[in-house]
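Here the protein sequences come in this chain order: F and Y. If you use our numbering, the first sequence corresponds to residues -8 to 111, in order. If you use our numbering, the second sequence corresponds to residues 62 to 172, in order. Worksheet: the structure to be examined is printed underneath.
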Amino acid sequence: GAVVSQHPSWVICKSGTSVKIECRSLDFQATTMFWYRQFPKQSLMLMATSNEGSKATYEQGVEKDKFLINHASLTLSTLTVTSAHPEDSSFYICSAMGLKTRRGPTYEQYFGPGTRLTVT
Amino acid sequence: GIQVEQSPPDLILQEGANSTLRCNFSDSVNNLQWFHQNPWGQLINLFYIPSGTKQNGRLSATTVATERYSLLYISSSQTTDSGVYFCAPRTIGQAGTALIFGKGTTLSVSS
Chain F
-8 GAVVSQHPSW VICKSGTSVK IECRSLDFQA TTMFWYRQFP KQSLMLMATS NEGSKATYEQ
52 GVEKDKFLIN HASLTLSTLT VTSAHPEDSS FYICSAMGLK TRRGPTYEQY FGPGTRLTVT
Chain Y
62 GIQVEQSPPD LILQEGANST LRCNFSDSVN NLQWFHQNPW GQLINLFYIP SGTKQNGRLS
122 ATTVATERYS LLYISSSQTT DSGVYFCAPR TIGQAGTALI FGKGTTLSVS S
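Given below as structure tokens:
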């Protein structure tokens, strides 16, 4: 259980175009989803937190008009990188948290496999 | 926000050796997870361990929340254990907030 998928797994796009990344929780309802980015040889940096049906909360320094996040349902969140530039090339990882299990609430986070974005 | 320090930053082992990775954090936590990131970038959940001790095969972890640290033990290391190990806690009282990642320990196991 607790599987999170991402699509696409990798994408190459031209500078100035937009790219949408999907994150799905396959077997549980995710009240909260998180988006991280990771540059080579570095750690994961939190970009934003999204709760189903409400606006995402962005971390300091992350442009909300550039990284559009939509959490339309309890199983789907999308990240759209608008007007992508080469410096946006990175590994984007989503994570989902489902608070309820048969044994009670849990704050465990489950991670998707990541999306590697290359902007040329 | 919470500060997370992992040590050592790099570790080189011979196959069969044991190792201990440490994670210190600056605030009280209600969640702490250890991950192994494989060469393709996938984060593998190792432990969900806000407190206490857990074991899974050759791996075990201990979190002493009152002293704000966690340890990951790897015994009889294998070449497939190579990769980056991340510790990620969440601050207590903030249930809807994200895990914050340390910088990781890069482990290289040679045969």
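In this text, a Cβ means the ideal position worked out from N, Cα and C, and glycines have one as well.
According to DSSP, residue pairing for F:M24 in a beta bridge involves F:S41 and F:A87. Three or more pairs of CB atoms, one per stretch, sit closer than 8 Å, so the segment 150 to 170 of chain Y contacts the segment 86 to 95 of chain Y. At least one beta carbon of chain F lies nearer than 8 Å to the beta carbon of Y:R151. If the five residues before and after F:W1 are omitted, its C-beta is found closer than 7 Å to the C-beta atoms of T106 and R107, all from its own chain and listed in chain order. Between the alpha carbons of Y:G62 and F:M36 lies a distance of about 13 Å.
Closest option to Y:S131, judged by alpha-carbon separation, among Y:R119, Y:Q98, Y:D71 and Y:Y109: Y:Y109. According to DSSP, residue pairing for Y:L93 in a beta bridge involves Y:P150. Taking every protein chain shown into account, the CB of F:A47 has 16 or more other CB atoms within 10 angstroms, so this residue is buried. A direct Cα-to-Cα measurement between Y:I73 and Y:L107 gives close to 20 Å. The secondary-structure analysis by DSSP pairs Y:V125 across a beta bridge with Y:Y130.
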